[in-house]
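So the sequence shown is numbered by the working numbering: it starts at 37 and just counts up by one. C-beta: ideal position from N, C-alpha, C; glycine also. Treat the numbers as computed from the prediction; the structure is a model and nothing was measured. The block underneath contains the structure these notes are about, expressed in C-alpha cells.
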Amino acid sequence: GFTLPNISVFPHHCSSFIATGDATKNGDIIISNSMWSSSDGTGLWWWSYYIAIRWNIILDVIPTNGHRFQMVCAPGYIWSNHDFYQNEAGIMFIETTLPQGLWSEKGLPLAIRAREAVQYANSIDDVIHYLRYRNDGIMNAVWLIGDAKTGEIARYELGLFHDAIVNRTKNGFLWSSNNPMDFWVRWEKMDWRLLAKRLLFYFLFGWDGYQYHTPRYHPASRDIKFKELGKKYYGRIDVDIVKKIMSIDPIGTYSPDCKITTSSLVRDNGMWVFTGNPSGKTLSMINYNTPEFKVEKILPVGWVRIYGLPENHNSSIDDSFIPIETPASIKWNTSTGNNSNDFISKGVIVDDILYETTSNGKLMAVSPFTGDILYTVDIGLNPTKPVYKDGKLFIGSSKGLEVFDIAWKAHGVKDIGRVVSPPVIDDKKIYVGNIDGDLYAIDIVSGEILWNKYLEGEIELAGLYNDNLIIASYKTCYAINKNNGKIQWSFNTNGVITSQPSIYNNMIYLGSWDTNIYALYASNGTLKWSFETGWGVDVKPVLYSNVIYVGSTDNNFYAIDASTGLKLWEYHCNAAIHSSIAVSDNTIVFGSDDGNLYALNSDGEPLWVFTPGRSIKDEINYFTTPIRSMPIIHENTIYIGIMGNIYALLL
C-alpha cells in the first residue's frame with residue numbers, strides 16, 4: 037500500500053541551476069546546487085548543519101563495476117544525501133526535494149536508486165530509468181540532469197505514481213527550487229491543511245511560500261529570480277556567473293554551502309566547492325556535540341576548486357601536527373574595510389609603497405612603515421599580483437588586463453576575459469592569458485594585440501627563458517616563442533595545472549593535480565625528476581639555496597633538493613595549502629587553510645605562527661579562517677592580508 041504524508045511545516049530546501057549550449061559562454065554544461073535552510077541556519081539541522089557544514093565530504097568512488105563517480109555525502113554513507121552527483125561518463129545531476137507526498141513501503145530507497153544512477157548511467161535516459169525503477173516515493177524531487185557528451189540537459193520531476201520530463205534541451209537554462217511544475221506530481225504531494233496554513237500566513241503577514249503547496253504551479257520568489265538571472269546572463273553564463281547567481285537573494289539567502297561542476301571539470305573528476313554562505317553572510321548553527329544548547333557563528337571559507345586523485349595513486353603522507361607555541365610579532369595592521377573571512381590579497385612594494393590588490397576588487401596604496409592607506413582604486417574582482425614596469429602597475433582581474441599609472445593615477449582596462457595569472461613583461465611587450473585558454477602578446481604602449489594563441493585551459497604564466505615564454509595550460513607546460521606564438525616544446529602531466537610554474541637556473545619547476553612536482557630542463561622541456569605528494573599541487577614552487585619549497589592540498593609543506601628531487605623534510609598542517617610562499621634569510625613563510633600563517637627555518641623547524649582569525653585544531657574542519665593571500669618579505673618585515681586587514685609582521 038501507500039502512506040499519506042504528515043503535516044510538515046517546512047519543505048526540504050535546495051536551490052539548483054543548470055545551463056548549456058548558447059546560454060553558456062563556451063557551450064559547456066554548468067550545474068550548481070546549494071542547500072537552503074531556515075532564516076538563521078539554526079533550523080532544519082540535518083540539512084543545514086550536519087550535511088552542508090559539519091560533514092562537507094566529497095566522496096570519490098572507483099567501483100569494481102560501473103563508472104568512477106563523485107558525490108557529496110555525510111560520513112558512512114554511500115549516498116549523497118546532499119544529492120549532488122557526477123561521473124566519469126560526463127553525467128551530472130542534482131535534486132531539490134519536495135514536501136513528502138505519497139509513498140510506498142515497497143520498492144528501493146532513494147539512496148540506492150540515486151547511487152545506481154550515478155554508478156551506471158551513460159545518458160539522461162539512464163539516470164531517469166534508475167531513479168524511476170522500483171521507486172518508493174520517499175523524498176520525491178525535482179531533478180536537473182546533464183550529459184557532457186551531448187550537451188543536453190533536462191528537468192525531471194518524480195512522484196510515486198507520476199513523473200514528467202518537464203524540459204529537455206541542448207540550448208538554454210533550467211532551475212529547480214523545490215517547486216514542481218507538473219500537475220500530477222504536485223497532486224501527489226498535496227496537503228490541504230498545510231496549504232491553508234501557508235495562505236493564512238501570507239494574508240496575515242505577507243510571508244512567501246504558499247506557492248510550493250498549491251495544486252498548480254505558481255512561481256515562488258526563487259523561481260522568479262532564477263528565471264530573471266538566466267535571461268540576464270544568457271550567452272555569458274560561466275562558473276563566475278553561476279557563483280554570482282547562487283549567492284544572490286533570495287537564491288542564496290539561507291544557503292550554507294554550494295557546489296558547481298561543468299563539462300570540463302567532470303572530465304577530470306573536478307568541481308568547485310564552497311563551505312558557508314556563498315553571499316558572505318554569517319550563519320548561526322546549532323552545535324549538537326554537547327548536551328546543552330549551543331549556537332555557533334559560521335563564517336564562509338570561500339571557493340576552492342578540487343580534482344580527484346589519479347586512480348593508481350598510492351602514497352603515504354605525514355599527518356602528525358605539532359602545535360606552535362610562539363606567536364608572531366605585529367608591527368601594525370590596518371583595515372581595508374572588508375572583513376570577509378575569505379579575504380585574499382596580493383602585493384608588491386615599489387619605491388617604498390606597498391601596492392595590494394584585494395579579492396573584493398581594490399588596488400590599495402599603503403605605507404609599509406605606518407600602515408596608512410594612501411589611496412584606493414576600484415578594479416576587477418579576484419585580481420592577480422601587480423606587476424611593475426616603467427611607472428605602471430599591470431594587473432589581471434575579472435575585467436581583463438588592467439593598467440594603473442602611478443604618477444598620473446590613471447586607470448585603464450583591456451577586456452580580454454578573466455585573467456588569473458600575473459602578466460609577464462619583456463621590454464615593450466606584455467604577455468597575458470585568460471581562463472578560457474587565450475594567450476596574448478600586447479604592445480605595452482599602444483595596447484595593440486601583436487599575436488594570440490588558443491590553448492586548452494586557463495593560462496598560468498611563469499616568465500621568459502631566452503626567447504621563449506614558459507606557461508602552463510590545462511595539463512601541459514609549454515615553451516612558446518615570444519615573437520610569433522609558436523610552440524617550441526611541450527611537457528604533459530597527468531593532471532590539471534592550476535598554479536604558475538617557476539623558472540630558476542635553467543630549470544622549470546611546476547606542480548600538477550596529478551600530485552607531482554616536476555623539474556624540467558628549460559631548454560627542451562625534458563624531465564629531470566618528479567616528486568609525488570599526497571594530493572594536487574595548487575601552489576607556485578619557490579627555490580632558495582638549491583631547495584624547492586612547495587605546499588600541497590595533502591596538508592603538507594615540502595622541502596625538496598632541487599638537484600635530485602629527494603625530500604629533505606616536510607611539515608604537516610591541519611588543512612590544504614593554497615597560499616603563496618615567501619623566503620628570506622633562511623625563513624620560509626606560507627599560509628594554510630587551517631587558519632595559520634607559518635614561519636619555518638630552513639630545517640623545517642617552526643619559528644612562529646600567526647593566527648588572526650579562526651583555526652582548525654581538531655576534526656571540526658569548517659571552523660577556520662583560510663589564509664590564501666600572498667606574503668611579501670621586505671626589509672625584515674612580512675606583509676599579508678587576512679580577514680580584510682593588512683598586517684606587517686616582524687620576520
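Non-local C-beta neighbours of Ser665 in its own chain, meaning closer than 8 Å and more than five positions away in sequence, comprise Phe379, Ile380, Ser381, Lys382, Ser615, Ser616, Gly627, Ile676, Gly677, Ile678, ordered along the chain. In the three-state DSSP reduction, Gly208 falls in the strand class (E or B). For Ser433, the closest C-alpha among the options Asn171, Glu193, Gly416, Tyr343 is that of Gly416. With respect to the 9 Å criterion, Ala184 and Ser371 are not classified as neighbours on the basis of their beta carbons.
Under DSSP, Cys109 takes part in a beta bridge, and its partners are Ile93. Straight-line spacing of the CA atoms in Trp565 and Trp549 works out to 17 Å.
For Ser581, there is no enclosing beta strand (DSSP E), since its DSSP letter is neither H nor E. Nearest in C-alpha terms to Asn504, of all of Asn560, Ile358, Ala59, Ile553, is Asn560.
Tyr540 is the residue among Leu546, Ile613, Tyr540, Asp590 whose C-alpha sits nearest the C-alpha of Ser581. Beta-carbon to beta-carbon, Ile273 and Ile66 are separated by about 6 Å, close enough to satisfy the 8 Å threshold. DSSP places Trp115 outside both helix and strand once states are collapsed to three, so it counts as coil. Look at the beta carbons and you see the stretch 465 to 481 touching the stretch 493 to 509: at least three pairs across the two are nearer than 8 Å. Taking C-beta atoms as the reference points, Asp472 and Glu438 fail to come closer than 9 Å. Assignment of Ser538 by DSSP, reduced to helix, strand and coil, places it in the strand class. With respect to the C-alpha of Tyr192, the residue from Val413, Thr186, Val178 having the closest C-alpha is Val178. Residue environment for Phe593: buried (at least 16 other C-beta atoms within 10 angstroms of its C-beta). For Val302, the enclosing alpha helix (DSSP H) stretches over residues 299 to 303. Listed as beta-bridge partners of Ser52 by DSSP are Asn69, Ser212. Check the Cα spacing between Trp644 and each of Asn657, Ile624, Asp629, Ile663: the tightest is with Ile624. Here DSSP, grouped into helix, strand and coil, assigns Val221 to helix. 9 Å or more divides the Cβ of Gly266 from the Cβ of Ile287. The C-alpha of Pro419 lies about 31 Å from the C-alpha of Gly187. About 4 Å separates the beta carbons of Ile296 and Ser68, which is inside the 8 Å limit, making them a contact pair. DSSP, reduced to helix, strand and coil, places Val532 outside both helices and strands of the structure shown, so it counts as coil. Shown here, His249 sits in a helix according to DSSP, grouped into three states. A contact between stretches requires three or more CB pairs, one per stretch, nearer than 8 Å, and the stretch 628 to 636 meets this requirement with the stretch 648 to 659. Collapsing the DSSP output to three states places Lys263 in a helix. With the rule of 3 Cβ pairs closer than 8 Å, the stretch 215 to 222 does not count as touching the stretch 161 to 168.
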